[in-house]
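In what follows, a structure is listed as structure tokens, so that the remarks can point back to it.
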Amino acid sequence: MPTQSVLIVDDEPDIRELLDITLSRMGLKTHSAATLGEAKAVVAEVTPDLCLTDMRLPDGNGISLVEYIAQNFPHIPVAMITAHGSVETAISALKAGAFDFISKPIELETLRKLVSTALQLEDDTSRTEKAVDQDLIG
């Protein structure tokens with residue numbers, strides 16, 4: 336099975352680096368973006384298995400990215416990571432199609448569980464889609 340990849344979207348270099356180190360230690364390949372525009376380009380180019388995005392970005396917000404991915408790459412789970420957490424923000428992110436929501440400061444064990452769960456769901460979805468395709472073809 337190929338190495339799974341995660342797109343990290345955050346305008347803070349320190350956060351991107353922390354997430355990169357944590358996810359790399361989990362055996363995952365990481366891609367990074369600092370803006371909404373960069374994130375959309377990376378998603379289109381590499382089609383990651385998971386996207387972790389900050390809520391506030393210099394050129395937009397994480398909910399816009401959630402909506403973009405939900406419309407164009409519905410198999411990619413997206414989790415919102417933000418220091419600006421509130422119940423309203425969490426509800427908005429989930430309604431837009433986010434898989435989950437986590438607040439800063441990030442607890443690494445919580446992050447690891449979220450990533451493992453999201454990647455397992457993505458893997459299960461891929462298997463189901465392949466089985467359905469086989470049934471339709473065969």
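Under my numbering, think of the first position of the sequence shown as 336, with each following residue one higher. Think of the CB as a built atom: it goes at the ideal place given N, C-alpha and C, for glycine as much as any other residue.
Contacting residues, own chain, Cβ-Cβ under 8 Å from residue i (five flanking each side not counted)
i	result
S461	In this predicted model, S461 has a pLDDT of only 49, less than 50, meaning its place in the structure is not dependable; the value taken from the coordinates is given anyway. If we look at S461 and ignore the five residues flanking it on each side, its Cβ neighbours are H410.
Close Cβ partners of residue i (< 7 Å) along its chain, the five nearest in sequence each way excluded
i	result
L446	T357 and I437
P383	S340, V341, L342, H366 and I411
M390	N396, G397, M415, T417, H419 and T424
Rounded Cβ spacing between residue i and residue j (contact assumed at less than 8 Å)
i	j	result
S367	R351	5 Å
Cutoff 6 Å; reference residue i; Cβ partners in own chain excluding five residues on either side
i	result
A466	Confidence is the limiting factor: at A466 the pLDDT is only 44, short of 50, which leaves the residue's position unreliable and the question unanswerable from this model.
Cβ pair residue i, residue j closer than 8 Å
i	j	result
G372	D394	yes
A405	A431	yes
L400	D346	no
C386	V413	yes
V450	F408	no
For residue i: DSSP bridge partner residues
i	result
K364	S340
T370	T370 is not bridged to any residue.
T388	V344 and M415
- prompt: Which full runs of the alpha helix (DSSP H) of 4+ residues lie inside the stretch 392-462, going along the chain?
  reply: 397-407 and 422-431
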